[in-house]
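**Student:** Numbering (this note's numbering), first residue to last: 1 to 187.
Glycine residues also receive a C-beta, built at the ideal position from the N, C-alpha and C atoms.
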Amino acid sequence: KHGGHRRSGRECAPRFRGRTAWRATLDAKHVRDEFREPVIHLWLGRDAHLVHYPVSAGRRINVVAVVTDKAKTESWSAPGRREDLLKRFAPRQWATAARDLINDTDRWQTWSLYDRPARRRWGQGAMTLLGDAAHPTVPFIAQGAAMMTETSVEMKIISAVSNILPNTPLEQALHTIMEELGPPHFD
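So this is what it looks like as structure tokens:
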């Protein structure tokens, strides 16, 4: 449950962020033609957003809605009722196309969104955390791609350590680089 934070000797409880993510996948045959295009679609609204895109070589559509919520659970896959989600996407505030996507499936899974404070140090001993493990964040507006890019840059830095500090043990070199980079910033 607490992953690398516990193993690195720093225990900190997850913080509920007051939001719940709803996820479903549906057969691409049941959506509008434009939603089958290999494009990420993003709908923004008050206290919610909806993102959807094709997966499984275009055969299915992944739909994720993130809404403001006071109720929290610790499950990653609690069942959700379509009717409850549709209440968050009122007809007068959301386009019909967005509501149709929500209405096109009755198999929703929900999970409450949590995060943790950013770590001051990313490593201890021979262990160094990267990406979301070093600075957890909620999966907002398809941030997975941004985190993947960030982690690939971090991996490039680590792979270059031997060239930057050739006569330095890896553990010391990583510590030096992470100290130079400083803690992650979220501006």
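1. Determine which residues share a DSSP beta bridge with I157 and list them.
2. Just list the alpha helix (DSSP H) runs in the segment 56–121, keeping only unbroken ones of 4 residues or longer that don't cross its boundaries, in chain order.
3. So is P38 buried or exposed if we call it buried at 16+ other beta carbons inside 10 Å?
4. With a 10 Å radius around its C-beta and 16 neighbouring C-beta atoms as the bar for buried, classify S112 as buried or exposed.
5. When DSSP labels each residue in this structure, what does R192 get in the three-state scheme?
6. Below 8 Å, how does it come out for the segment 73–82 and the segment 26–42: are there three or more Cβ pairs, yes or no?
7. Whole angstroms is fine: what's the gap from P14's alpha carbon to A21's?
8. When you compare the CB positions of T105 and L26, do they come within less than 8 Å of one another, or not?
9. Taking buried to mean at least 16 other C-beta atoms within 10 Å of its own C-beta, is P54 buried or exposed?
10. Candidates A71, H41, G80 and K70: which alpha carbon is nearest N62's?
11. Could you compute how far the alpha carbon of F89 sits from the alpha carbon of R81?
12. Where does H52 land, buried or exposed, given buried means 16+ other C-beta within 10 angstroms?
13. For a test of the three-state rule: what should DSSP assign to A174, helix, strand or coil?
14. According to DSSP, P14 sits in a beta bridge with which residue or residues?
**Tutor:** Result, derived from the coordinates:
1. As a first step, residue 157 is located in the sequence shown; it is residue number 157 there, counting from the start. DSSP, once it has assigned bridges, lists no residue as partnering I157.
2. 82–88 and 96–103
3. As a position in the sequence shown, residue 38 is number 38, starting the count at 1. P38 should be labelled exposed.
4. As a working mapping, residue 112 is identified with position 112 in the sequence shown. Burial call: buried.
5. The requested residue 192 is not part of the displayed model; the chain covers only 1 to 187.
6. no
7. Start at 1 with the first residue of the sequence shown, and residue 14 comes out as number 14. Start at 1 with the first residue of the sequence shown, and residue 21 comes out as number 21. In a straight line, the C-alpha of P14 is about 16 Å away from that of A21.
8. In the sequence shown, the residue the question calls residue 105 occupies position 105. In the sequence shown, the residue the question calls residue 26 occupies position 26. Their beta carbons are under 8 Å apart, which means T105 touches L26 by this criterion.
9. Taking the sequence shown and counting its residues from 1, one reaches residue 54 at position 54. With 16 or more other Cβ atoms within 10 Å, it is buried.
10. Taking the sequence shown and counting its residues from 1, one reaches residue 62 at position 62. Nearest C-alpha to N62: H41.
11. Position 89 of the sequence shown, counted from the first residue, corresponds to residue 89. Position 81 of the sequence shown, counted from the first residue, corresponds to residue 81. Taking the straight line joining both Cα atoms gives about 13 Å.
12. Stepping through the sequence shown from its first residue, residue 52 is reached at position 52. Label assigned to H52: buried.
13. For the purposes of this step, residue 174 is taken as residue 174 along the sequence shown, with counting starting at 1. One detail in the question is off: residue 174 reads as Leu in this sequence, not Ala. If DSSP states are grouped into helix, strand and coil, L174 belongs with the helices.
14. As a working note, residue 14 is residue 14 in the sequence shown. Per DSSP, none; premise fails for P14.
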